[in-house]
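Structure first, then comments.
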Amino acid sequence: MAFGKLKKHTKDFVPPKLQITSMMDMFTIILIFLLFSFSNKPETMSLHKDMKLPESTADLDYRENINLVLSQTSLELGGKVIGTVKDGTIIGLDPKNLKTSTLYERLRSTRESTDKLAGDSNTKRHILFLCDKRLPFKTINCVVKAAAMAGYPNFQFGVLKK
Amino acid sequence: MSKLGRHRASGGEQTDIDMVPVMNMFLVLIPFLLMSVSFFHIKAINTSVPVLSQSQDGADKPISEKVTAIVEIEPNGFHVSAISDSVAYDELDKWDARVARKDQAEYPLDQLVAQLTRLKLRYPASDTLIIIPDGTVIYDTIIQAMDVARYHNNDALFPNVVLSGKVG
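Chains as they are written, first to last, in my numbering: chain A, 10 to 171; chain B, 5 to 172.
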C-alpha cells in the first residue's frame, strides 16, 4: 500500500545537521572588513541625494570643521538650512552687501565664541565646504567671500576620491 | 599510556560547540554595520582666499627666485601668467600664455599642466597658485584645474592654491 510506504519513509528520516563553520568564516571576514572601514573615519556625514560632489585625486582627510554645504537648492551651515538657491542665486545673500547675510552673522558669532574658548584669535580655522559640482563660480564666490569676511579664509573643499 | 591517550582510547565523545548564538550575534552586527558604513570616500583640498595683510618690506628677503602662478579660467580657455617680487617684469611677461578651448569642448588640462610644469622647472621654489575663475565657470572645472595644478605624476607643482574672484 502506498500510504504504508510513506509512513515507513517518514519514520527513518533523520534531520540533516547544518554545517555552519564555513558560514561563520564568511561572517567573520565581513565583520572584520566592516570594522576596519569604520576605524579611519573622523566622522560620518549625510549628503543630499541630488548633491553631486566633484571627483579629485586629492588624498587628504578632512578635519572636524564647520560644515558648509551648498547644493543646487539650499545652503546649509552645520546641518541647518540658512538659505535657498534659485537659478544659481542664493536668496538672502546679496553679493554687494554680504555682511547683512545670515551666513556672515552665524559664522562671525561662531568665530567669536570659539576665539573666546580658545583664547587665541590667530589659530587657523577651516571650513569644510561641500559644493555641488554643477554650480557656477558666481554662486560659490558669494559664499566663500562671506565666510572669509567672517574670519574663515581657509577652506577644505570636499571632493570624492577618484 | 598517558591519561589523555587513555581518554581517547576509551572513546571520549566528540562534542560540537554550539555556534548558533555566535551566528545570531553576527546576524545582528553585520546589518547594523552595513547600514552605517560609507561607500563614498570624501577627501579634502586645502584652499584659501586672499586676505588683507600687512606688508613685510625687507623683513625676509627672498633666498631664491620665486613666482606665484596665476590661472584665469575663462569660458574660452585658460590664461596663465606669473607674478613675483623677485623676478623682473620683462622676464615674467614671457610666461603669459593662453590655452584655448576648442569648440566648447573640455578644457585643455594637459596643455595647462605643460605650461605650469615649464614654470615650475624654471622657478623650482615656487609653490603658490592663484586660480581666478570666470563667474560662469562651473565648480567641477575649478576642481579639475586645481587637481592638475597641484600635483602632476606625483610631483608637486603648485600645492598651495588660492581661489579668488575677478576684480572689476
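For every residue, glycine included, the Cβ atom is placed at its ideal position computed from N, Cα and C. As the structure is a prediction and not an experimental result, all values here were calculated from the model.
- Here Val168/A is not near Ser46/A, since their CB atoms are 8 Å or more apart.
- CA-CA distance, His83/B to Ala160/B, rounds to 21 Å.
- Put simply, the CB of Thr51/B is near chain A, with a gap under 8 Å to one of its CB atoms.
- Ser85/B is bridged by DSSP to Ile74/B.
- As DSSP reads the structure, Leu133/B sits in a beta bridge with Ala73/B and Val165/B.
- By the Cβ neighbour-count rule, Lys95/A is exposed, with fewer than 16 other Cβ atoms within 10 Å of its own.
- For Gln165/A, the number of other beta carbons within 10 angstroms of its own is at least 16, and it is reported as buried.
- If you draw a 10 Å sphere on the C-beta of Ser68/B, you find fewer than 16 other C-beta atoms in it, and that means exposed.
- Here Asn163/A has Lys133, Arg134, His135 and Ile136 as same chain residues with Cβ atoms under 8 Å from its own Cβ, once five neighbours each way along the sequence are excluded.
- In the DSSP assignment, Ser83/A falls within the unbroken beta strand (DSSP E) covering Ser83 to Leu86.
- The Cβ atoms of Leu167/B and Thr72/B lie no closer than 8 Å to each other.
- For Ser122/A, the enclosing alpha helix (DSSP H) begins and ends at Thr111 to Ala127.
- In the three-state reduction of the DSSP assignment, Ala155/A falls in the helix class, which pools H, G and I.
- Of all residues in the stretch 96-113 of chain A, none is placed with a Cβ closer than 8 Å to any Cβ belonging to chain B.
- Taking CB atoms only, Lys58/A has no neighbour in chain B less than 8 Å away.
- Bounds of the beta strand (DSSP E) holding Arg102/B are Ala101 to Ala104.
- Under DSSP, the beta-bridge partners assigned to Asn50/B are Gln165/A.
- With respect to Lys58/A, Arg143/A sits apart: the two C-beta atoms are not nearer than 8 Å.
- Out of Asp22/B, Val26/B, Leu113/B and Ala86/B, the CA that lies nearest to the CA of Thr145/B is found in Leu113/B.
- Contacts between Val168/A and chain B, judged by CB atoms closer than 8 Å, involve Ile46, Lys47, Ala48, Ile49 and Ile147 in chain order.
- In this structure, the beta-carbon distance from Asn157/B to Asp131/B does not fall below 8 Å.
- Here the stretch 102-113 of chain A does not lie against the stretch 113-126 of chain B, with fewer than 3 beta-carbon pairs under 8 Å apart.
- The Cβ of Asn163/A sits closer than 8 Å to at least one Cβ of chain B.
- The C-beta of Ile41/A comes no closer than 8 Å to any C-beta of chain B.
- DSSP, reduced to helix, strand and coil, places Val41/B outside both helices and strands of the structure shown, so it counts as coil.
- Within a 10 Å sphere around the beta-carbon of Gln148/B sit 16 or more other beta-carbons, which makes this residue buried.
- Here Thr121/B carries a helix assignment [DSSP, helix/strand/coil].
- At least 8 Å separates the beta-carbon of Pro104/A from that of Val141/B.
- Cβ proximity to chain A below 9 Å picks out nothing from the stretch 104-133 of chain B.
- Only exposed fits Pro128/B, as fewer than 16 other CB atoms lie within 10 angstroms of its CB.
- For Thr140/B, the chain A residues whose C-beta falls within less than 8 Å of its own C-beta are Pro145, Phe146 and Lys147, listed in chain order.
- Val53/B and Ile41/A have their C-alpha atoms some 42 Å from each other.
- Residues of the stretch 69-95 of chain B whose Cβ lies closer than 9 Å to any Cβ of chain A, in chain order: Ile77.
- For Val32/B, the nearest beta carbon of chain A is not closer than 8 Å to its own beta carbon.
- With a cutoff of 8 Å on beta-carbon distance, Lys170/B and Ile136/B are scored as near each other.
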